[in-house]
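> If you're matching them up, the sequences are chains V and Y in order.
Letter by letter, the first sequence follows residues 114 to 260 in my numbering.
Letter by letter, the second sequence follows residues 114 to 260 in my numbering.
For glycine and all other residues, C-beta sits at the position ideal for the given N, C-alpha and C.
Protein chains: 2
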Amino acid sequence: MDHTPFLDDAYAQAKKSYDEGGLPIGAVLVASTGQVLGRGHNQRVQRGSPILHGEMDCLQNAGRRASYRDAVLYTTLSPCMMCSGTIVQFGIPRVVIADVENFEGDVPFLESRGVTVEIVPHAPSIALMRRFIAEKPDLWAEDIADT
Amino acid sequence: MDHTPFLDDAYAQAKKSYDEGGLPIGAVLVASTGQVLGRGHNQRVQRGSPILHGEMDCLQNAGRRASYRDAVLYTTLSPCMMCSGTIVQFGIPRVVIADVENFEGDVPFLESRGVTVEIVPHAPSIALMRRFIAEKPDLWAEDIADT
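1. From this set, Y:Val228, Y:Glu214, Y:Gln126, Y:Pro118, which residue's C-alpha is nearest Y:Met169's C-alpha?
2. Give the residues from the stretch 172-195 of chain Y that approach chain V closer than 8 Å (Cβ to any Cβ), ordered along the chain.
3. Note down, in chain order, every chain Y residue with its Cβ under 7 Å from the Cβ of V:Ala140.
4. Buried or exposed: Y:Asp251, going by 16 or more other Cβ atoms within 10 Å of its Cβ?
5. If you draw a straight line from the alpha carbon of Y:Ile257 to that of Y:Gln173, how long is it in whole angstroms?
6. Hey, V:Val209 and V:His116 are a contact pair by Cβ (cut 8 Å); roughly how many whole angstroms apart?
7. Looking only at its chain, what residues have a beta carbon closer than 8 Å to the beta carbon of Y:Glu133, apart from the 5 residues adjacent to it on each side?
8. Tell me which residues of the stretch 195-217 of chain Y have at least one Cβ-Cβ distance to chain V shorter than 7 Å, keeping chain order.
9. Taking just the CA atoms, how far does Y:Pro118 sit from Y:Ser145?
10. Please list the partners that V:Pro250 has in chain Y, where partner means a Cβ-to-Cβ separation under 8 Å.
11. Output, in sequence order along the chain, the residues in the stretch 237-249 of chain V whose CB is closer than 7 Å to any CB in chain Y.
12. From what residue to what residue does the beta strand (DSSP E) around Y:Ile210 run?
13. If you run the structure through DSSP and keep just helix, strand and coil, what is Y:Glu224?
So, in structure tokens, the structure goes:
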């Protein structure tokens with residue numbers, strides 16, 4: 114499967130959030146058929162939510178599902194431990210990450226729990242996140258509880 | 114600090130959810146002063162949410178916070194990997210668990226990441242969860258993605 118359309122889709126979520134004054138991190142959940150099951154972006158600013166990271170908002174929007182065994186999660190930024198734990202708990206077998214430069218996350222943890230991780234650098238996602246961290250370092254620190 | 118009032122408080126959340134037809138799992142976030150910062154319960158049925166486990170709903174309700182270093186999370190059931198990852202990511206230093214009989218969770222993971230875990234068996238929480246699993250095994254399986 115060509116990852117580019119889905120990374121672009123996740124980036125569009127990130128850009129939407131940035132334009133709203135929020136954290137520019139987006140995610141898309143995709144079935145093996147290519148069907149998009151859900152999209153989302155960080156909602157810390159927009160909804161005052163500490164738990165709705167991009168990946169979590171995406172999974173929330175994908176709704177209740179019997180299984181995630183057929184799904185791939187695309188995300189613009191390497192998942193934090195909350196989102197990584199969620200990926201493992203939900204049994205999502207594969208994650209495609211656009212940016213590990215601005216935040217490393219914990220890829221070894223995901224792999225140790227059987228998740229296949231593909232790092233596919235996506236220049237717009239990386240550039241937007243870098244710009245955001247420079248513009249709003251305090252908000253970024255709050256989002257990763259690094260305060 | 115006496116844990117009983119806060120375990121009772123988390124149980125009241127679980128019971129409220131059970132009475133609504135939902136999963137009977139509740140949580141309370143408490144500051145070291147004893148102030149309750151947030152309460153919540155599983156919202157899978159009530160809000161159709163796959164991510165609002167009891168602990169997540171509690172943290173959502175506690176809102177945006179600069180730090181969790183001063184907080185204790187009380188939960189009626191051992192945290193799943195989503196909730197465990199969140200506890201680690203948020204830097205919550207201490208978790209008190211009422212029930213590890215109906216669901217083990219991954220206490221060693223929490224401890225390996227520096228979280229202090231106290232298991233304080235709370236009979237009403239254990240009995241209610243046992244009753245729920247017997248009554249609605251499919252809903253329970255869905256909630257832990259064991260399908």
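Straight from the coordinates:
1. To locate residue 169 of chain Y, count along the second sequence from 1; it is residue 56. Here the closest residue by C-alpha is Y:Gln126.
2. Leu172, Gln173, Ala175, Gly176, Arg177, Arg178, Ala179, Ser180, Tyr181, Cys193, Met194, Met195
3. By one-based count along the first sequence, residue 140 of chain V stands at place 27. Neighbours of V:Ala140 on chain Y: none; closest Cβ ~12 Å, over 7 Å.
4. Indexing the second sequence from 1 puts residue 251 of chain Y at position 138. With fewer than 16 neighbouring CB atoms inside 10 Å of its own CB, Y:Asp251 falls in the exposed class.
5. Stepping through the second sequence from its first residue, residue 257 of chain Y is reached at position 144. Stepping through the second sequence from its first residue, residue 173 of chain Y is reached at position 60. Between Y:Ile257 and Y:Gln173, the C-alpha separation is close to 20 Å.
6. Taking the first sequence and counting its residues from 1, the one referred to as residue 209 of chain V is at position 96. Taking the first sequence and counting its residues from 1, the one referred to as residue 116 of chain V is at position 3. Contact holds; Cβ gap of about 5 Å.
7. Within the second sequence, the letter at position 20 stands for residue 133 of chain Y. Result list for Y:Glu133: Val158, Gln159, in chain order.
8. So the close ones are Met195, Ser197, Gly198, Thr199, Val201, Gln202, Phe203, Gly204.
9. Against the second sequence, residue 145 of chain Y aligns to sequence position 32. Against the second sequence, residue 118 of chain Y aligns to sequence position 5. For Y:Ser145 and Y:Pro118, the distance between alpha carbons rounds to 14 Å.
10. Sequence index remark: in the first sequence, residue 250 of chain V carries index 137 (1-based). Under the 8 Å cutoff, chain Y gives no residues; its nearest Cβ is about 14 Å from V:Pro250.
11. none
12. As a first step, residue 210 of chain Y must be located in the second sequence, where it is residue number 97. Taken as a continuous stretch (DSSP letters only), the beta strand (DSSP E) holding Y:Ile210 covers 207-210.
13. The residue you call residue 224 of chain Y lines up with position 111 of the second sequence. Y:Glu224 falls in the helix class under three-state DSSP.
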